[in-house]
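Under numbering that gives the first Met the number 0, the first residue of the sequence shown carries the number 0, and numbering increases by one thereafter. Note that CB positions come from ideal geometry on N, CA and C, so glycine has one too. This structure is a prediction, so every number in the text was calculated from the model and none was measured. A quick write-up on the structure given underneath.
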Amino acid sequence: MAKWKKYLAAAMILFLLAGHTTPFSRQAEAADNILTGELTGEESTPAGEEYDIQDYDTQDNAIQDSAGDQDLDPQDSAVDQDYDLQDSAVDQDYDPQDSAGDQDYDLQDSAGDQNLEDIFQEENNEEDVQEPSFYEETFEEDDTQDQSFPEDYSEGGTQDQSLAGGSTEQADENVNAEEPLLAEDETAELVEDDTEELVDDGGDGNYDNDDAFAAYVNREMNLTGDLASDTGNLEGEETISEPRRKSSYASTRLTGTNRTLYDLLREEIRKVADGTRSSTAFSFSLEELGIEQMSWTPEDLGVESILVYDEEKGKNVLSSEANSAAKGILEEIYGINILRLNKALLADCPYDLYWYNKTSTVSLKGGLSYSLGFSYFTDGSRLIFKGPITLKFYVAPYYAGTETFTVNTEIGTAVSTAKDTAAAIVMENRDLPDYLKLDAYREQILSLTSYNYNAAYNTATPYGNPWQLIHVFDGDPDTNVVCEGYSKAFQYLCDLSSFSSGDFRECLSVTGKMNGSGHMWNVVLLQDGRNYLVDLTNCDMSMLGAGDNNRILFLAGAQGEDCEETFLADGSAEQGYVFHLAKGNLRYKYDTEMFSCFDPSDLTLSEGRIREIIPPEDHTPGNWEISIQPDYESEGEEITHCTACGIPMTRPAPKLVHVTGISLEETEAVLLKGETKALSASVLPADASDRQIIWTSDDESVATVTESGVVEAVGNGTATITATSNHMGFQASCPVSVTTAVDGVSLNKNSLDLYVDETAFLEATVTPLDASNQAVTWSSSNPDVVSVASDGSITALACGSSVITVTTADGNNTETCEVIVSVRTIDLTGATVTGIIPKTYIGRRVYQEPVVIVDGTTLREGTDYSISYSNNLYAGNASLTITGKGAYTGSVTKNFAIEKACQNLDAKAASPTLAAGQTTTISVSGAKGRKSYTSSNPAVASVDPDTGRVSAKKVGTATITVTSSGTDNFVKATKALRITVLPAAVASFKAVNCPNTIQLKWTKAADANGYLIYRDGVKIKTITDGNTLSFTDAKANTNGARYVYKIVAKASTGTSTLSKSVTIYRVSRPEITSLVNQAASKALIKWNKNTKATGYQIHYSPKKDFSAAKSVTVNGASSVSKVIGNLTKGNTVYFRIRTFKTVDTIKHFSAWSGVKSVRINN
């Protein structure tokens, strides 16, 4: 019977994961193990969790799911290959309710047929149902790699599930993984290989994507674990514990690089699941995998050819034989097998792969696309494994991002957000006693979410999915929930918590009917065996149980013989409970399955409400009332009820305290008749029991006082207000003075017309005539026109108007009088005007400062007159007109002259000193007229009359005059400049090597009276005669040295700014050491060697003056002899030789040697 209950509980929990309202309870822990182990592959592997390998071409392998054949689909009722927990048909399904001896995986079947343990060892004999192989190939067990299928994952499993399938070609034993890929001189082209795709073509035994996501939520939020245990809850922790992960048993069967790939992929897949990574394309270099490149020849692979021609693609592609052989080598050496890797990931982390679209259809591509990183030479001579290994997982549409191979990260992050929010609530309330902690969870859930009426009333609205729990804690006000969300959220917070009071035992999530409709709620179990109902759905807002501070259906129990409280339930667990509420009755009836999942005693509500688990210090008192009256001699008693549980609470009422005195804040008060003022009195001590005060006035014709101490002034005079304590009669007094307020003021005149300097008097009358304060103040709106004194006398100061205002002392009443001031007029025709002087043009209007006197009085501009001008901008005749204003009328006009201004002319030459032949320009500023230019000595320096360009002609000085013509507003202006002309540079300057010196020669510079000679930047000679045209430098005698000479002409006006330079290399002349007639018609000439030379030049001629001479060049400083042939017998031949040094293609010659001759006798 216990085993029957266990399997039934598993079926019910899987039913809930599919979106129904049955709770995923911790009390079904045994059933959870079945769900997470035997059915999902976490601890065992169902027979359907295999791949069917179909080769589409020589490159691609595909695992294709044909939809609805191997899926774990809890709602599928078709007669198919599904793991269908609701299917009652006799088919290939896992049917937890089927007891027939058929092909079902029957959780209730006790017959020795196709049960859960046997299915892995038997093959399906039906022709149309092919159980696919787990791997593409079978692998023989050897000393290096265990190729058997893992043992049964369940804790009690002992079977060795060996693999079945076809064989594979093994790699050549001579393949050398260390073989170099290319020699340095090889240049063959590498071409990338095609990728492969793995698609599930039969059910793999895992949930579909939505089921996997639901399981992922359960695992992430610790819904499937015992969170009340020491390792599961948040007791004593400052941060959230990591949820327990699904086992990684399948990975233990992976070896080598396949295991490395598994570890790297699992970490990245986890990031995709929790929303911290969007891409589902993963690429790993060989370096990351810790392996090296490999290459093979066809012989290494045991194939005829690496490439085969693909007619459809129109090119050579990798042959399937070479592909299979290379993969076999990689598996043998490195353990690389993508099919095994993919299967291990699906077996170990199906929930993290909730987004993975492992199936493929006509309209939607799915599965896994991968590339091992093969390349090959285009001539087919070598196949290379160089990586990277790339795997791309297709994403199910609901979870897909905006691009291929991406997910919507908001889904994963929503789970994390909900998890963190719930953990924060638990941490915030962890120190509270049990009841207050539960009550805090109630308050938090009701504040975080609201009821989703659309889901309740609209059958098209999704209902009962894993988002119900997430929506409570996701912080989004638009994501509301139904009863499932309220119930699961309350249990989730309880499961995360540790209860320190020792009263709380467990929180159940139960399902059933409420008033005939499906509903989910909670039952809270206490350690002492009492149980109470919690229905947060009906505690929320305007629900039926929302009264009593939203607690009517919070920890509510049943009616009992000794229980007289309201809003408790009638009935029993089996019959159901009815709560009689003010807004109507609520009937709760458990689903039948609840009595299989839970002990019936746990579903039975205890009598009354939960109270005793609240420590006395944690009760929340209401309003205290006196039950026993105290007096001044003895204490009394107060009573109230806990607002949380209603338990009565009492406390002593202290003895009454005698009054010892009384005081007033105000010691005196002044009021106007009709005003009121509240006096404040204090009874001493502050905790006196009788704090009543009696107020009295000794003259109510002046002031009255109310029972609360408010004084009203009723007549002029003084009254004393007294405060007397009701107990003991202590008194305090305050004198109050009452006066009559002013209600208005009037003037004897409200308007006046005055001339300047006239005075008048205004009289003010304050009403009522008996007003206490008759004082007034005066003001003028325009005191420059009319002034007013404190007694009301006014004086007219200037033409204009002003309003005189009188104001009572309290500032509440005013009256006004408008005063208009004018003057008697005077004609300005006979006025004396002085101060008019001539002006000079300044480029803007000019003004005068006249002095106007009438009858000895100097008038004020702006007040007595104004001035206007005519023609006061340019040079010429101008005038001004003085026009009277105010007391003055008429006008007078005066003329004055505006003279022409001087030009601020300035001129500068760009180069005031020039060498003969040079030019310069003149810049001019300040010229207002037309510019022209003249020279005082055009023979020395001429100037263009229009442009001002100066040309230096010869040595001397000249004055250049710049003229700016006069204009209408400016007089003519001139500016003189001095130009100095220096001699020009010499036209020619040469340097020649002499036997022991260097001689300089130049042409004469015009008007020069001397020259300055520089060698290498240093002046070596000053020549004072302008006709001297050469100079011999006896100190420049270093053989092979470079000398740079510069010559500058000077004259009476100064030294020229120009110069001429020449560069020469000093080359010593050679000497002929031997000259003989050596052979017939030949002469041998020898000379001394010059190591600084580049070569030698020989002249020879039958004439002594070397006319018609011939020349021979000998290159190289070391050559010191030369045979000259073709000489005429009987002639005397004259020879001379000189050295040369070549620098930058220029030959620098030495002086000629002495002449020698030889008789040609032979």
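Asked: Measure the beta-carbon distance from T275 to K391 and round it to whole angstroms, keeping in mind my assumption that it falls under 8 angstroms.; Found: So it is not a contact: roughly 19 angstroms between Cβ atoms.
Asked: Do the CB positions of A325 and G301 come within less than 8 angstroms of each other?; Found: no
Asked: So does E402 have its beta carbon nearer than 7 angstroms to some heavy atom of the ligand ZN?; Found: With respect to the ligand ZN, the structure shown offers nothing to examine, as it has no ligands at all.
Asked: Just the Cα atoms here: how many angstroms apart are S732 and K676?; Found: 15 angstroms
Asked: For Q467, name the three-state secondary structure that DSSP assigns.; Found: helix
Asked: Considering just the uninterrupted stretch of the alpha helix (DSSP H) at R441, what are its terminal residues?; Found: D433 to L447
Asked: By Cβ distance below 8 angstroms, which residues in the same chain neighbour A909 in space, the five residues on each side in sequence not counted?; Found: T919, T920, I921 and S922
Asked: Check for me: the alpha helix (DSSP H) holding S304 runs from which residue to which?; Found: Counting along the chain, S304 falls outside any alpha helix (DSSP H), and DSSP gives it neither H nor E.
Asked: For a quick check, are the C-beta atoms of N530 and D601 less than 8 angstroms apart?; Found: yes
Asked: To the nearest angstrom, how far is the alpha carbon of S449 from that of V481?; Found: 8 angstroms
Asked: Cβ atoms of I1012 and I1046: under 8 angstroms apart, would you say?; Found: yes
Asked: Return helix, strand or coil for S867, following the three-state DSSP convention.; Found: strand
Asked: Grouping DSSP H, G and I as helix and E and B as strand, with all else coil, what is P767?; Found: coil
Asked: Any chance you could list the alpha helix (DSSP H) runs of at least 4 consecutive residues sitting entirely within the stretch 321-362, in chain order?; Found: 337-347
Asked: For C816, which of helix, strand or coil comes out of DSSP?; Found: strand
Asked: Along the chain, where does the alpha helix (DSSP H) containing G255 start, and where does it finish?; Found: G255 to A272
Asked: For A1082, tell me which candidate among S688, C493, S1073 and N336 has the shortest Cα-Cα distance.; Found: S1073
Asked: Cβ of S1163 within 8 angstroms of Cβ of L683?; Found: This structure does not reach residue 1163, given that the chain is present from 0 up to 1161, and the question cannot be answered.
Asked: My output table needs one value for N453: the three-state DSSP class, helix, strand or coil.; Found: helix
Asked: Give the straight-line distance between the Cα atoms of F489 and I638, rounded to the nearest whole angstrom.; Found: 34 angstroms
Asked: Checking the sheet assignment: what are the DSSP bridge partners for T831?; Found: I852
Asked: With a CB to CB cut of under 6 angstroms and the five nearest residues on each side skipped, what residues in its chain are close to E757?; Found: A795
Asked: For L879, tell me which candidate among T912, P837 and Q917 has the shortest Cα-Cα distance.; Found: P837
Asked: Leaving out five residues on either side along the sequence, give the residues of the same chain with a beta carbon under 6 angstroms from the beta carbon of K1059.; Found: A984, V985, F988 and I1046
Asked: Among the candidates E505, A680, D689 and E664, whose CA atom is the shortest distance from the CA of D598?; Found: E505
Asked: Taking its Cβ as the centre, do 16 or more other Cβ atoms sit within 10 Å of H470, making it buried, or is it exposed?; Found: buried
Asked: Mapping the DSSP letters down to three states, classify Q292 as helix, strand or coil.; Found: coil
Asked: For N894, which of A926, T833 and A886 has the nearest alpha-carbon?; Found: T833
Asked: Does the beta-carbon distance from Y1095 to V1132 come in below 8 angstroms?; Found: no
Asked: Out of S890, I720, S282 and V744, point me to the one whose CA is closest to S736's CA.; Found: I720
Asked: To which residues does DSSP link S497 through a beta bridge?; Found: Answer by DSSP bridge pairing: none, since S497 is not bridged.
Asked: When the Cα atoms are used, what is the spatial distance from L1163 to Y589?; Found: Here the chain covers residues 0 to 1161 and nothing more, so residue 1163 does not appear.
Asked: Under 8 angstroms: do the stretch 373-385 and the stretch 252-261 share three or more Cβ pairs, one atom per stretch?; Found: no
Asked: List the DSSP bridge partners of R1068.; Found: For R1068, which the question treats as bridged, DSSP gives no partner whatsoever.
Asked: Can you give the Cα-Cα distance for A668 and E634, rounded to whole angstroms?; Found: 42 angstroms
Asked: Mind checking E483: buried by the 16 CB within 10 Å criterion, or exposed?; Found: buried
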